[in-house]
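Undergrad: Mind having a look at this structure? Questions to follow.
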Amino acid sequence: MNNKQKNKFAELKPDQGVVQHHEIGELTHFLSAFGQNKEQAVKSLMASSLQIVGLEELKAKYNKHWKAIEKRVEFAVEAFFTKKLSKLDMFLRLDEGHFVLIFANTSKEEGMIRANKLAQELFQLLFGEMPEADLINVTAMFIDVDLMGVIDHCQNLEELVEYLQGASDPVTPEVELEFKEKEEPSLLVSYRPMINNVKKIMSMIEVLPCRQDDTGRKMLEANDAVLNGTADMRAELDFKILKETEFALKQLGGLRKKPILMVPVDFETMAHAYRRLKYASFLKALPVYSQHHIVIAVSNVKSGLLNSRLRQILTTINPLVLGFVFVVEDGWDDFDIISDLPVFGIAFKGNEEQDLLWIEPLVSKSQAAGVRTYWLDLENDALARRAFLIDVDYVSGPIIGAVQSEPIMPFSLKSALKK
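Under the numbering used here, the sequence shown is numbered contiguously, ending at residue 423.
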């Protein structure tokens with residue numbers, strides 16, 4: 005590991021990137037309309053009705069003509085709700101085609117009736133007496149006592165509303181039940197050692213989901229049901245893996261004997277505010293020392309993501325872990341975007357000789373940027389030797405070690421070779 009890499013790792017602090025409540029300008033301005041402090045604002049919100057008005061189905065129906073009428077619709081929507089709502093009520097624009105209505109001192113049921121009535125009036129204003137008024141979708145948001153803690157982790161109003169949408173989603177219990185059906189009885193969390201090539205030690209362990217059959221534990225196939233469902237289904241898998249990580253930590257005895265655990269999570273689990281905050285709640289339930297022993301490996305990271313978007317995603321989780329590794333594919337080259345983020349590693353997979361054509365340049369650029377490299381799932385002996393030759397920092401896979409039912413303590417390869 006070079007000095008630049010060491011410095012980047014040393015600069016990672018538990019509170020790095022945390023956005024304090026008083027620093028959130030937009031969200032603070034929003035809350036100020038409901039009270040002089042956070043507690044008053046939450047109480048007022050809980051006594052109010054929050055509704056989301058969506059135009060997705062309307063946009064789909066008028067797809068060919070939507071561009072021509074989009075501006076007219078947006079202007080009319082804002083003018084309509086500004087006129088119709090009382091002084092205590094609030095209208096907020098979210099992303100394209102989504103609007104928030106907050107009715108002060110109104111129950112969820114009353115708010116739903118009122119929002120639907122307004123939606124029908126809006127449709128008639130826009131399109132006259134057409135029969136498709138129900139194309140404007142209205143969803144009631146559930147606001148509960150957990151909002152007090154959630155607000156501090158939301159960096160803007162959109163993120164807060166996204167969380168409330170997830171918390172209000174009636175499909176969630178069904179997804180949880182479906183996941184339990186698909187995981188039973190063979191889905192298990194397993195562990196696989198990873199070699200630190202620089203120090204010649206085994207100091208990190210991958211935490212991996214596997215299936216158990218008569219021949220033993222095997223990595224999940226690409227077509228496994230829990231990997232090919234909705235983003236919520238994949239999140240259930242990520243939650244399971246993280247919850248069982250506590251078992252791994254406790255199995256390893258004293259603090260000095262514990263390796264770093266690389267815990268996988270899908271990008272979409274992190275990208276959605278509700279799923280991200282739920283994931284954070286499981287992290288908070290782990291022993292405090294886990295903050296120094298867990299690295300989150302974010303898979304399916306695409307090219308071209310905005311720095312601001314990644315910062316928003318990582319900020320909530322960063323104080324609870326040692327840092328992040330992005331699992332990327334051929335073509336990823338966003339080192340400038342992650343340069344000021346707590347991403348200290350880039351991971352990749354490849355078992356064909358032709359993969360060297362993109363892996364070697366990626367490793368070279370990573371080294372120049374002071375970012376660690378992780379070659380995962382290696383099962384090719386020749387490529388494993390090549391990985392060591394080009395100074396990949398960490399190497400794992402069947403060629404290094406098999407998946408195991410329990411994690412193992414760190415050990416030195418030098419000592420093992422001497423024996």
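C-beta atoms are modelled at their ideal positions from N, C-alpha and C, and glycine is treated no differently.
Using a Cβ distance threshold of 8 angstroms, determine whether the region 200 to 211 contacts the region 390 to 398, with at least three qualifying pairs required.
TA: Touching, per the Cβ criterion.
Undergrad: Is Asp236 buried or exposed, if buried means 16 or more other CB atoms sit within 10 Å of its CB?
TA: Counting from one through the sequence shown, the residue named residue 236 turns up at place 232. With 16 or more other Cβ atoms within 10 Å, it is buried.
Undergrad: Please determine if the region 74 to 92 and the region 181 to 196 are in contact, where contact requires at least 3 C-beta pairs separated by less than 8 angstroms.
TA: The region 74 to 92, when compared against the region 181 to 196, does not touch it at the 8 angstroms Cβ threshold.
Undergrad: Can you tell me whether DSSP reads Thr320 as helix, strand or coil?
TA: Residue numbering aside, residue 320 sits at position 316 when the sequence shown is read from its first letter. Note: Thr320 maps to helix in three-state DSSP.
Undergrad: In the DSSP assignment, find the alpha helix (DSSP H) that holds Ile140 and state where it starts and stops.
TA: Reading the sequence shown from its first residue, position 136 is the one you call residue 140. That residue, Ile140, is in no alpha helix (DSSP H); it is neither H nor E in DSSP.
Undergrad: Does DSSP put Met413 in a helix, a strand or coil?
TA: The count along the sequence shown starts at 1 and reaches residue 413 at position 409. Met413: coil per DSSP, three-state reduction.
Undergrad: For the candidate residues Gln128, Asn141, Met94 and Leu92, whose alpha-carbon lies nearest to that of Leu62?
TA: On the sequence shown, residue 62 is found 58 positions in, with the first residue counted as 1. Ranking the options by Cα distance to Leu62, first place goes to Asn141.
Undergrad: Cα-Cα, which of Ile394, Pro402, Val325 and Leu231 is closest to Ser285?
TA: Within the sequence shown, residue 285 is the residue found at index 281, counting from 1. Comparing Cα positions, the closest option is Val325.
Undergrad: Compare the Cα-Cα distances from Phe183 to each of Tyr66, Ala226, Glu240 and His276 and report the closest residue.
TA: Counted from its first residue, the sequence shown places residue 183 at position 179. Among Tyr66, Ala226, Glu240 and His276, the Cα nearest to that of Phe183 is on Glu240.
Undergrad: For Trp317 and Gly170, I'd like the C-alpha separation in whole angstroms.
TA: As a first step, residue 317 must be located in the sequence shown, where it is residue number 313. As a first step, residue 170 must be located in the sequence shown, where it is residue number 166. Reading the sequence as shown, one finds Ile at residue 317 and not Trp. So the two alpha carbons sit approximately 16 angstroms from each other.
Undergrad: Does Phe84 have its Cβ less than 8 angstroms from a Cβ in chain D?
TA: Of the protein chains in the structure, only one exists, and it is not chain D.
Undergrad: Please report the distance separating the alpha-carbon of Leu122 from that of Met116.
TA: By 1-based counting over the sequence shown, the position of residue 122 is 118. By 1-based counting over the sequence shown, the position of residue 116 is 112. Approximately 10 angstroms, taken between the alpha carbons.
Undergrad: In the DSSP assignment, find the beta strand (DSSP E) that holds Pro177 and state where it starts and stops.
TA: Counted from its first residue, the sequence shown places residue 177 at position 173. Careful: Pro177 lies outside any beta strand (DSSP E), inside the alpha helix (DSSP H) at Thr176 to Glu187.
Undergrad: Within 10 Å of its beta-carbon, does Leu382 have 16 or more other beta-carbons around it, so buried, or fewer, so exposed?
TA: The residue given as residue 382 occupies position 378 in the sequence shown. With 16 or more Cβ atoms within 10 Å of its Cβ, Leu382 is classed as buried.
Undergrad: Of the choices Asn322, Leu130 and Asn201, whose alpha-carbon is the least far from that of Val77?
TA: Here residue 77 refers to the residue found at position 73 of the sequence shown. Per the Cα distances, Leu130.
Undergrad: In this structure, what does DSSP give as the bridge partners for His102?
TA: The residue given as residue 102 occupies position 98 in the sequence shown. Answer by DSSP bridge pairing, in chain order: Gly58.
Undergrad: Where do the ends of the beta strand (DSSP E) carrying Gln216 lie?
TA: In the sequence shown, residue 216 corresponds to position 212, counting from 1. Looking at the DSSP string, the run of the beta strand (DSSP E) that includes Gln216 is Ile205 to Asp217.
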